[in-house]
Amino acid sequence: EEEFSPLKNADGAPLDTPTTARRSLLAQHYRWALAAGGNFLDEQDKPIPPKH
């Protein structure tokens, strides 16, 4: 969800909750970091392949 993730229900509902909004925001930041040339490392400092 590139532009909009509604927040209108409490956690426990199937959609549009604080948790789904946080996940959408985290996914957007992940995409931005990858687009800027960033990468992510695991606990052993090995690169984590990007998710597509």
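All you need for our numbering is the position in the sequence shown, starting with 1, plus 503.
Glycine residues also receive a C-beta, built at the ideal position from the N, C-alpha and C atoms.
Fair warning: this is a prediction, and the values are worked out from it, not measured in the lab.
- Inclusion of Leu537 and Ala524 in the CB contact set at 7 Å is not warranted, their separation being larger than that value.
- When only Cα atoms are considered, Lys549 and Gly541 end up about 14 Å apart.
- Straight through space, the alpha carbons of Ala530 and Asp514 are spaced by roughly 19 Å.
- Listed in chain order, the non-local C-beta contacts of Leu528 below 8 Å within the same chain comprise Ser508, local neighbours out to five positions each way being set aside.
- A check of alpha carbon separations from Ala539 across Pro553, Gln547, Leu518, Arg526 identifies Pro553 as the nearest.
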